[in-house]
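>
Protein chains: 2
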Amino acid sequence: MAKIFSTTKAYVAGFLDGDGCIMFQLVRRKDYIYGFQIRASIVFYQKTMHRDHLEWIKRILKHGYIRDRNDGMTEYTIVGFKSVIEVLKFLQPYIKMKREHVEVALKISAIMSGKFTIEKMVKAARFVDQYQQLNYSKKRVNTSKVLIDFLAEHKLYPCND
Amino acid sequence: MAKIFSTTKAYVAGFLDGDGCIMFQLVRRKDYIYGFQIRASIVFYQKTMHRDHLEWIKRILKHGYIRDRNDGMTEYTIVGFKSVIEVLKFLQPYIKMKREHVEVALKISAIMSGKFTIEKMVKAARFVDQYQQLNYSKKRVNTSKVLIDFLAEHKLYPCND
Numbered sequence: 071m072a073k074i075f076s077t078t079k080a081y082v083a084g085f086l087d088g089d090g091c092i093m094f095q096l097v098r099r100k101d102y103i104y105g106f107q108i109r110a111s112i113v114f115y116q117k118t119m120h121r122d123h124l125e126w127i128k129r130i131l132k133h134g135y136i137r138d139r140n141d142g143m144t145e146y147t148i149v150g151f152k153s154v155i156e157v158l159k160f161l162q163p164y165i166k167m168k169r170e171h172v173e174v175a176l177k178i179s180a181i182m183s184g185k186f187t188i189e190k191m192v193k194a195a196r197f198v199d200q201y202q203q204l205n206y207s208k209k210r211v212n213t214s215k216v217l218i219d220f221l222a223e224h225k226l227y228p229c230n231d
Numbered sequence: 071m072a073k074i075f076s077t078t079k080a081y082v083a084g085f086l087d088g089d090g091c092i093m094f095q096l097v098r099r100k101d102y103i104y105g106f107q108i109r110a111s112i113v114f115y116q117k118t119m120h121r122d123h124l125e126w127i128k129r130i131l132k133h134g135y136i137r138d139r140n141d142g143m144t145e146y147t148i149v150g151f152k153s154v155i156e157v158l159k160f161l162q163p164y165i166k167m168k169r170e171h172v173e174v175a176l177k178i179s180a181i182m183s184g185k186f187t188i189e190k191m192v193k194a195a196r197f198v199d200q201y202q203q204l205n206y207s208k209k210r211v212n213t214s215k216v217l218i219d220f221l222a223e224h225k226l227y228p229c230n231d
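Taken in sequence, the protein lines are chains A and B.
Under this note's numbering, read the first sequence as residues 71 to 231, first letter to last.
Under this note's numbering, read the second sequence as residues 71 to 231, first letter to last.
What follows is the structure, given as structure tokens:
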């Protein structure tokens, strides 16, 4: 495998800080027993004319997929905890503006590691709340409170075992 | 003066590719004898909460000024041929997506160097046309044709000396 230079990593970290979006979202899933999923993603958006640049970045990050939208834009998306955390750890030494995003992401990942429990999910959902404040997300509907209400309604939380 | 690491330069080049805008514009100036000025600029836009990040980049690039707009955004702008070219040459080894922008910028700068002549200005204005195609600018009014028409109308071009 070709060696990746530190300047290449630093370049991609700068590009992520300028163009990328790191997201953690609490997503409603009607087919899930706990009603919600925590979704991790990194997205880059560029005009489709720059698709080759996104493909170059994908060759470096080795995760995700590229999709042309029908409005002249192309999205490069990395979805899933494992992939997102691997990419963030790889770029972490050089990320500057989104450094806090990376730290909260690693906390969410650490909480969710190992065997799944409802307590872990509620704790992680609270970090997702904090995360979305970093992204200034205003139209957010699913907060940790919504999750807790759902779990309480279905007698899944608080747990007494 | 503190040494600037190659990874720092690479990071800033990535941030410029992701967030920055390199522009060359033909600007109408009623107080100018030739009616127009070629304006070079580099602009970064971030939410005002990230002003400190733009200040950090300004300390590296050593040119330009930072201004808070009243819509929650902050602009870091570098204006003027000399400053823009210095910054682009400094970052050039690491710029990827906007590499073509840098090449055209250096051509415009080379044409305009030395003693000012109308021929040089017309030639540079043609490169500015090419430049604005790179930026997909659609609402552009001032093209090299507009400049040539203005100069012809004022009997300044074509030159017969």
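Using N, Cα and C, we set each Cβ at its ideal position, and we do this for glycine too.
Is it buried or exposed for B:Gly90, if we count other Cβ within 10 angstroms and need 16 for buried?
Looking up residue 90 of chain B in the second sequence gives position 20. Buried, because 16 or more other Cβ atoms sit within 10 Å of the Cβ of B:Gly90.
> Based on Cα-Cα distance, which residue from B:Met93, B:Trp126, B:Leu221, B:Phe106 lies nearest to B:Ile155?
Your numbering for residue 155 of chain B matches position 85 in the second sequence. For B:Ile155, the nearest C-alpha among the options comes from B:Met93.
> So with CB distances below 7 Å, who are the chain B contacts of A:Tyr164?
By 1-based counting over the first sequence, the position of residue 164 of chain A is 94. What A:Tyr164 touches in chain B: Thr77, Tyr81.
> Is B:Gly134 close to chain A, meaning its C-beta is less than 8 Å from at least one C-beta of that chain?
Stepping through the second sequence from its first residue, residue 134 of chain B is reached at position 64. Closer than 8 Å: no.
> Kindly identify the DSSP beta-bridge partner or partners of A:Arg98.
Residue 98 of chain A sits at position 28 when you count from the first residue of the first sequence. A:Arg98 is bridged to A:Phe106.
> Of the residues A:Glu170, A:Phe151, A:Pro163, which one's Cα is nearest the Cα of B:His233?
A question about residue 233 of chain B goes unanswered here, because the residues of chain B that appear run from 71 up to 231.
> Taking 6 Å as the limit between beta carbons, can you name the residues of its chain near B:Arg99, skipping five residues before and five after?
Looking up residue 99 of chain B in the second sequence gives position 29. Cβ neighbours of B:Arg99 beyond the five flanking positions: Gln107.
> Between the Cα of B:Val149 and the Cα atoms of B:Ile136, B:Thr213, B:Lys166, which residue gives the shortest distance?
Here residue 149 of chain B corresponds to residue number 79 of the second sequence, with the count starting at 1. Nearest C-alpha to B:Val149: B:Ile136.
> Could you check whether A:Phe85 and B:Asp87 sit closer than 8 Å to each other, using their CB atoms as the reference points?
Taking the second sequence and counting its residues from 1, one reaches residue 87 of chain B at position 17. Taking the first sequence and counting its residues from 1, one reaches residue 85 of chain A at position 15. A contact, by the Cβ cut-off of 8 Å.
> Going by the CB atoms, is the gap between B:Tyr81 and A:Lys166 shorter than 8 Å?
By one-based count along the first sequence, residue 166 of chain A stands at place 96. By one-based count along the second sequence, residue 81 of chain B stands at place 11. Yes; because the gap between Cβ atoms is below 8 Å, this pair is in contact.
> Sorted by chain position, which residues of the same chain lie with C-beta nearer than 6 Å to B:Asp138's C-beta, five sequence neighbours on each side aside?
For the purposes of this step, residue 138 of chain B is taken as residue 68 along the second sequence, with counting starting at 1. Result list for B:Asp138: Thr118, Thr144, in chain order.
> What would DSSP say about A:Met249, mapped onto helix, strand or coil?
Since the first residue shown for chain A is 71 and the last is 231, residue 249 of chain A is missing from the structure and cannot be characterised.
> Assuming B:Tyr81 is part of the alpha helix (DSSP H), what are its boundary residues?
Here residue 81 of chain B corresponds to residue number 11 of the second sequence, with the count starting at 1. Counting along the chain, the alpha helix (DSSP H) containing B:Tyr81 begins and ends at 76 to 89.
> For B:Lys185 and B:Ala194, what's the separation of their Cα atoms in angstroms?
Residue numbering aside, residue 185 of chain B sits at position 115 when the second sequence is read from its first letter. Residue numbering aside, residue 194 of chain B sits at position 124 when the second sequence is read from its first letter. Between B:Lys185 and B:Ala194, the C-alpha separation is close to 14 Å.
> I'd like to know whether the C-beta of B:Met167 is nearer than 8 Å to at least one C-beta of chain A.
Numbered from 1 along the second sequence, position 97 holds the residue referred to as residue 167 of chain B. B:Met167 counts as touching chain A.
> Go ahead and label B:Val174 buried or exposed: buried means 16 or more other beta carbons lie within 10 angstroms of its beta carbon, across all protein chains shown.
Working through the second sequence from its first residue, we reach residue 174 of chain B at position 104. Buried, by the Cβ-count rule.
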